[in-house]
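K.L.:
Number of protein chains: 4
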Amino acid sequence: MSDVWGNAVKLSIFGESHGPAIGVVLDGIEPGVRLDMEEIRRQMARRAPGQRLSTPRKEADEVQILSGVRDGLTCGTSICAMIANTNTRSADYERTAALLRPSHADYTGHIKYKGFEDFRGGGHFSGRITAPIVFAGAVCQQILRERLGVVAGSHILQLYKAGEGAFEDEDLTEETLDKLSHRRIPTLRADLESQIEAIIESARMSLDSVGGIVETAFLNLPAGLGDPFFDSMESRISHLLFSVPAVKGVSFGSGFGFAKMKGSEANDPFYLDDGAVRTRSNHNGGILGGITSGMPLVFQTVIKPTASIARPQQTVNLTAMKEETLSITGRHDPCIVLRAIPVLEAMGAIAIYDAWRSDSFGLTPETSRNENG
Amino acid sequence: MSDVWGNAVKLSIFGESHGPAIGVVLDGIEPGVRLDMEEIRRQMARRAPGQRLSTPRKEADEVQILSGVRDGLTCGTSICAMIANTNTRSADYERTAALLRPSHADYTGHIKYKGFEDFRGGGHFSGRITAPIVFAGAVCQQILRERLGVVAGSHILQLYKAGEGAFEDEDLTEETLDKLSHRRIPTLRADLESQIEAIIESARMSLDSVGGIVETAFLNLPAGLGDPFFDSMESRISHLLFSVPAVKGVSFGSGFGFAKMKGSEANDPFYLDDGAVRTRSNHNGGILGGITSGMPLVFQTVIKPTASIARPQQTVNLTAMKEETLSITGRHDPCIVLRAIPVLEAMGAIAIYDAWRSDSFGLTPETSRNENG
Amino acid sequence: MSDVWGNAVKLSIFGESHGPAIGVVLDGIEPGVRLDMEEIRRQMARRAPGQRLSTPRKEADEVQILSGVRDGLTCGTSICAMIANTNTRSADYERTAALLRPSHADYTGHIKYKGFEDFRGGGHFSGRITAPIVFAGAVCQQILRERLGVVAGSHILQLYKAGEGAFEDEDLTEETLDKLSHRRIPTLRADLESQIEAIIESARMSLDSVGGIVETAFLNLPAGLGDPFFDSMESRISHLLFSVPAVKGVSFGSGFGFAKMKGSEANDPFYLDDGAVRTRSNHNGGILGGITSGMPLVFQTVIKPTASIARPQQTVNLTAMKEETLSITGRHDPCIVLRAIPVLEAMGAIAIYDAWRSDSFGLTPETSRNENG
Amino acid sequence: MSDVWGNAVKLSIFGESHGPAIGVVLDGIEPGVRLDMEEIRRQMARRAPGQRLSTPRKEADEVQILSGVRDGLTCGTSICAMIANTNTRSADYERTAALLRPSHADYTGHIKYKGFEDFRGGGHFSGRITAPIVFAGAVCQQILRERLGVVAGSHILQLYKAGEGAFEDEDLTEETLDKLSHRRIPTLRADLESQIEAIIESARMSLDSVGGIVETAFLNLPAGLGDPFFDSMESRISHLLFSVPAVKGVSFGSGFGFAKMKGSEANDPFYLDDGAVRTRSNHNGGILGGITSGMPLVFQTVIKPTASIARPQQTVNLTAMKEETLSITGRHDPCIVLRAIPVLEAMGAIAIYDAWRSDSFGLTPETSRNENG
């Protein structure tokens, strides 16, 4: 049950960090779409390791499309995208096989898979498994953009002690989001970028790691996507986001800030904007009753500090069944927040695409854009 | 796609606030369980309206079991639980049918269902639909308790300006959780209770509403429940919690607090406790890589302020397509946080039960308890 | 996993023959449909017991709609349809509780549900559970007829020793199918009706039972419904039909007759009919590669003889664990073929509706009819 | 929705006949199984083209396992098995791209995928897609054999004008089934083999094709697998079998023969066999009420004559929109019945494995074998 997700679109992921390959089977993509391979590669490069500020492990992360595409056009049948694992140094991991890495899935994977899990590099629990997700998200986002004009972007709300305010109305333009999606460290405030850089560098130097909060927005969604109760937009999006082991919190609109608000402050008043129904504020983050309102869809995701740190840590040796000290070597990223951003955007796009294509009441591609005004 | 959820257990909900009945079909409950109807009724009473501090609408909320139970014992076939709607005053709502209530699903439901939605009392979007969920959760929780010793409880972390700290290790005992689950206003600090009471009363007096954050814990889960990636424990639980329109944020363990921590602070060191693998801290909230670790499973849920407030609000009249002022009358709860608690606990229990019963690798009822030490 | 089916439409069934009620939750029906309750009742009457030639047990089988319909119009939310069990004589069954009825699910249900199954009247395995299926099918068929012009009908291909040929091209008209669907014993040859009547009467007199083969056709389906491989139209339809315990074989078009044909005989040549692509023969029963071709969809279903017969039968007493002779008393139908026909048609309609609404590539209601020529 | 199937086990297939590769992602296989690669290759060789009596197209059909297996042992995570397409002669197909091949999915695929389908060699509709299914089935069957002692085998019940009787009780031994599964033309009667060989040769010579009926049996299943109603064993098995475009009929036990039987003949009397409950006859094919009875599970599948025949056929040219004559060249099999047998057995094994692993009521691997006596 773990590796398949979706309704109108289905994702099946596979792969271990140090096995032959990782990949995804993406079913439910409509026929006749000319895949923008350049944009797909750009998105995958945002997530790929080996960039400055991240792990020195370099993977080409070159996607091979095995099915569902002919002459660059989707066929309508399932698309299998595979990424070969070429640059693995399993020896790094074998030395610590029996030592549970704190905050990783070593122990829980060991219990669930009875000791047969592929522990090398985290195996199936590795962050590497998110690479094919970025591929799938890029395909969905391309179609959402071409058919509905959907634009996505994110900024770093918080990174260790440095932070900035949430998206304001004036930030939520196609231009700003597009710019953010092209920056290595996307922030709204210019000075935050260098602070973040310094924090990450400092974490690396001190053999430690940091986490953070990313805020993501999608513009130009039609009203009416999603379902009440199960399969609300929040349920679909959070289900995907919480797949990533490092994600420990997800919120929408004003999120946890709602707790300190009164209803009279929190409610978003409706008004008419040239015949279209809109709300003056957007505390609900573009979702009411699980269904998109046509206002920007906004969510926040917290990423815990990278679990792999070089500092000595107390742990248990499962073979010897005694307590030991672990010093993790190998190539690790002191902050995965930057590389996580394209993954979070990909998951948002997949969930929105799924909701759009699952709609069976006739919100067709042709009509859905106009519904919104 | 909206009204069915689950894997080994399946929930199908139905009903509108002012229709003949609401209910749930619960499939996948094992045969031979003697349902504890007294406990089920107690849980449903915690959610029911008509209590002090809540809406004056009184519903007997008496569950009728239509199938799957014979002589008080489950048959193993699907259980349909129905609650008749007996005390509806639709007239309250008809007057405002065309006026969109801010922060409600009136507009998005109207778009999705093309004007055919049952708008009376929120229809299918009403919080009333959570009553059958509490029934389903009580059934799951009873089995989890009997078979695995699982105990659940919650406290109010924040309610408007009043709050208290998160669960500490010493709070996470069966005794404390049990006590909390029997209190109308469950808090860890004694003085918080009267503050909360005053805040809710003040909101009612000022025709306003308040929200809050609830923290919920489950004890005695075996290690090994859940799946990596899709269908992680976090994905399953958040998928259910975000079904409720008022829920706008969900986090696990240290949640959004992870953003300001370093890896060396956030990682939970493993140790051996009389032969069992445990962690000294529990920042990860009992879940690593999507799978339970055997430590207490802890999550936080933010509930937005009740959308229905009596104060005049700016909105749009959909029939006249012009802006108008809306004054909501009818019976409304200035704070649904208290009544939401049994719903959140029910959803946690359903997700855990589903993960337990979906396990197909032989973590059997007989052996799973022992796995944990 | 047993009681939920579907993709764009979801069915959740519940109920035991002698419990309080049986019913279905039907999710995924579009909003704004005025349910034709008269036609729904007519279809349910075709299946209901208490008709001539069938069991004397009389059930009003009056459907109560608990949700999803307001003022006779569907809301778009899930529809719960309930039928109360009012005329049960459990005493008939209690006497034989421990004696396994041959060809029934008494033994297999006992193993699966560990002795907690509701054995009275077959419990959840009772044919009575098909009544809500007829309701769901009537709703789907009404929409298929209104939106796409789909017409359905069946005839009895074989009943014990009496039979007639398969549908010929000239039989597959709206008029003929409509007429068949209004006859108690639908046959193409006039003389077959009285033969069938005599066979059933003779089976009743000899305390025995008979089965038969029903052939069902759907006209005016657009080309392009269904999916290749998993979720082919054959897979969807057969999945539903084989839910009924008495169904032991399903075939499409020339079905098992294909075995004795050569490719040059079996292949259906394409031709152009006023600009529309059609086939001269229809051996493939309107389905090629799992997808509708626009030709009539034709399938055959075999119904085994009613398992309950009054003749003494050898069996095992599970309590005493010894062999005994069983004489089934109670009210039983010597031939359920006639009453099964509306169930088979309902299942066909549900599968077709699901395939139509699951299509996410833009075969919209507005355009799909025209696709076919 | 088309390319994913399953409950406790999930299959996601991908690939086109002339694309880079075909394959399957198989999720839900338990950890710690040492895959019997020799047996897997033997099963795949049974299906592979290039054998005598079949198409001269030769594919190595060598499976590459990309994930889920380490050092020959399953990890418990999803297994991706890929088969590269190495020996494709697309030129054969390009000449006929616009000409619809009768009895193939060319037309229906064209409508569904709006002209973007990969038509080369049937694309996703090609029989080649069944090769990964055989891989998945071999994995499931290995586990069923090791854990439960399950044995499978098939014989040819009918092939054009030649046929033999159904399995008799004395045929249903492990020894006979094992022998059948090792023969190229598996029959019970010795003389049938040469008749079949002559029929296929004659079909080839006359540029025609033939079909047939295969009967398959599984021995040693525990009682209690499967579910009532939706997800009956018959529903699961037929859902998979009808995925294959050439399969047009599926029946269980006495199948369509039930139509001419009386209840007193058709019912299988229960008796006690050394303390185990068994039935004297097995007309129900080992399934009662959708659940296995512990008797041999027996089903029949009809395979239509190969659609590709070299004889000139009348058809439509979709580009020119006029009628033309088509002469199919390329490499085609005059009878796919022999190569279909391992596919049918694989699908049976997958469905049984899924039912076994979906059981959430505690029929554990350790206890389930004993349930049966």
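For the record, the sequence lines run as chains A, B, C and D.
For what it's worth, the working numbering labels the leading residue of the first sequence as 1, then goes sequentially.
For what it's worth, the working numbering labels the leading residue of the second sequence as 1001, then goes sequentially.
For what it's worth, the working numbering labels the leading residue of the third sequence as 2001, then goes sequentially.
For what it's worth, the working numbering labels the leading residue of the fourth sequence as 3001, then goes sequentially.
Note that beta-carbon positions come from the ideal geometry of N, C-alpha and C, so glycine has one too.
From a predicted model like this one, the values you see are computed outputs, not experimental measurements.
Is it right to say residue 312(A) is buried, meaning 16 or more other beta carbons lie within 10 angstroms of its own, or is it exposed?
P.N.:
Classification of residue 312(A): exposed, given that the 10 Å Cβ count is below 16.
K.L.:
For residue 14(A), which residues in chain C fall below 7 Å Cβ to Cβ?
P.N.:
Those within 7 Å of residue 14(A) in chain C number zero; the least Cβ separation is about 18 Å.
K.L.:
Please look up how many angstroms separate the CB atoms of residue 2338(C) and residue 2185(C), rounded, as I've assumed it's under 8 Å.
P.N.:
Contact holds; Cβ gap of about 6 Å.
K.L.:
Can you tell me where the alpha helix (DSSP H) with residue 21(A) in it begins and where it stops?
P.N.:
From DSSP, residue 21(A) is part of no alpha helix (DSSP H) but of the beta strand (DSSP E) over 21 to 27.
K.L.:
Using 8 Å as the limit for Cβ to Cβ distance, is residue 146(A) near chain C?
P.N.:
It does not: the Cβ of residue 146(A) has no partner Cβ on chain C nearer than 8 Å.
K.L.:
Going by DSSP, which residues form a beta bridge with residue 1325(B)?
P.N.:
Answer by DSSP bridge pairing, in chain order: 1314(B).
K.L.:
List the endpoints of the continuous beta strand (DSSP E) containing residue 219(A).
P.N.:
Its beta strand (DSSP E) spans residues 212 to 219.
K.L.:
Run the CB neighbour count on residue 3340(D), radius 10 Å, all protein chains shown included, and call it buried at 16 or more, exposed below.
P.N.:
Looking at its Cβ environment, which holds 16 or more other Cβ atoms inside 10 Å, residue 3340(D) is buried.
K.L.:
Going along the chain, which residues of the segment 23 to 49 of chain A sit with their C-beta nearer than 8 Å to a C-beta in chain C?
P.N.:
Within the segment 23 to 49 of chain A, the qualifying residues are 28, 30 and 31.
K.L.:
Scan the segment 131 to 186 of chain A and note each continuous alpha helix (DSSP H) run of 4 residues or more that stays entirely inside, going in chain order.
P.N.:
The qualifying runs are 174 to 180.
K.L.:
Quick check on this structure: which residue in 2026(C), 2265(C) and 2157(C) has the alpha carbon closest to the alpha carbon of residue 2281(C)?
P.N.:
For residue 2281(C), the nearest C-alpha among the options comes from 2265(C).
K.L.:
Among the candidates 2328(C), 2065(C), 2228(C) and 2167(C), whose CA atom is the shortest distance from the CA of residue 2189(C)?
P.N.:
Selected option, being the one with the closest Cα: 2167(C).
K.L.:
Quick one: give me the first and last residue of the beta strand (DSSP E) that residue 3004(D) is part of.
P.N.:
Counting along the chain, the beta strand (DSSP E) containing residue 3004(D) begins and ends at 3004 to 3006.
K.L.:
Over what stretch of residues does the alpha helix (DSSP H) that includes residue 12(A) continue unbroken?
P.N.:
Residue 12(A) -> not in any alpha helix (DSSP H); beta strand (DSSP E) instead, spanning 10 to 15.
K.L.:
Just the C-alpha distance for residue 383(A) and residue 211(A), rounded to the nearest angstrom, thanks.
P.N.:
There is simply no residue 383(A) to check, as chain A begins at 1 and stops at 373 in what is shown.
K.L.:
Just confirm the distance between the C-beta atoms of residue 1083(B) and residue 1022(B), as a whole number of angstroms; I'd bet it's less than 8 Å.
P.N.:
Correct: roughly 5 Å between the Cβ atoms.
K.L.:
Which of the three DSSP states is assigned to residue 367(A) in this structure?
P.N.:
Confidence at residue 367(A) is low in this model, with a pLDDT of 36, below 50, so its placement is unreliable and the value that follows should be read with caution. The answer is helix: DSSP assigns residue 367(A) an H, G or I state.
K.L.:
Counting along the chain, where does the beta strand (DSSP E) carrying residue 2301(C) start and finish?
P.N.:
Residue 2301(C) -> beta strand (DSSP E) spans 2297 to 2303.
K.L.:
Would you mind stating whether residue 2219(C) and residue 2177(C) have Cβ atoms separated by less than 8 Å?
P.N.:
For residue 2219(C) and residue 2177(C), yes; Cβs fall inside 8 Å.
K.L.:
Using DSSP with H/G/I as helix, E/B as strand and the rest coil, what is residue 2252(C)?
P.N.:
Residue 2252(C) falls in the strand class under three-state DSSP.
K.L.:
Tell me the rounded alpha-carbon separation between residue 227(A) and residue 1116(B).
P.N.:
If you take the alpha carbons of residue 227(A) and residue 1116(B), they lie about 15 Å apart.
K.L.:
Alpha carbon to alpha carbon, how far is residue 1133(B) from residue 49(A)?
P.N.:
When rounded, the distance between both Cα atoms is 44 Å.
K.L.:
Under 8 Å between the Cβ atoms of residue 1027(B) and residue 2004(C)?
P.N.:
The answer is yes: Cβ separation under 8 Å.
K.L.:
Cβ closer than 7 Å: which chain B residues qualify as neighbours of residue 3119(D)?
P.N.:
Neighbours of residue 3119(D) on chain B: none; closest Cβ ~32 Å, over 7 Å.
K.L.:
Check residue 3226(D) in the structure and name its three-state DSSP category.
P.N.:
It is a strand residue.
K.L.:
Give the straight-line distance between the Cα atoms of residue 2283(C) and residue 2267(C), rounded to the nearest whole angstrom.
P.N.:
So the two alpha carbons sit approximately 7 Å from each other.
K.L.:
Since I believe residue 45(A) is in contact with residue 65(A) (beta carbons under 8 Å), could you give me their beta-carbon distance rounded to a whole number of angstroms?
P.N.:
Going by Cβ atoms, the distance from residue 65(A) to residue 45(A) rounds to 17 Å, so no, they are not a contact pair.
K.L.:
So with CB distances below 8 Å, who are the chain D contacts of residue 1076(B)?
P.N.:
Near residue 1076(B) (Cβ distances below 8 Å), the residues of chain D are 3361.
K.L.:
Indicate whether the contact test is met: 3 or more Cβ pairs, each with one atom in the segment 2119 to 2130 of chain C and one in the segment 2150 to 2166 of chain C, closer than 8 Å.
P.N.:
No: fewer than three Cβ pairs fall under 8 Å.
K.L.:
Can you name, in chain order, every residue of its own chain whose Cβ lies under 6 Å from the Cβ of residue 327(A), other than the five neighbours on each side?
P.N.:
Around residue 327(A): 312.
K.L.:
For residue 154(A) versus residue 334(A), is the C-beta distance shorter than 8 Å?
P.N.:
Going by C-beta atoms, residue 154(A) is not nearer than 8 Å to residue 334(A).
K.L.:
By the criterion of Cβ-Cβ separation under 9 Å, what are the contact partners of residue 3123(D) in chain A?
P.N.:
Those are 70, 75 and 77, listed as they occur along chain A.
K.L.:
Return no unless some Cβ of chain A is closer than 8 Å to the Cβ of residue 3020(D).
P.N.:
Yes, contact with chain A.
K.L.:
Compare the C-beta of residue 2140(C) with all C-beta atoms of chain B and state if any pair is closer than 8 Å.
P.N.:
For residue 2140(C), the answer is no, since every Cβ of chain B falls outside 8 Å of its Cβ.
K.L.:
I'd like the list of long-range same chain contacts for residue 119(A), defined as Cβ closer than 6 Å, with 5 residues on each side in sequence excluded.
P.N.:
Closer than 6 Å at the Cβ level, and outside the excluded window around residue 119(A), lie 97.
K.L.:
Short of 7 Å in beta carbon distance, which residues of its chain neighbour residue 3234(D), apart from the five on each side in sequence? Order them along the chain.
P.N.:
Only 3252, 3287 and 3290 meet the Cβ criterion.
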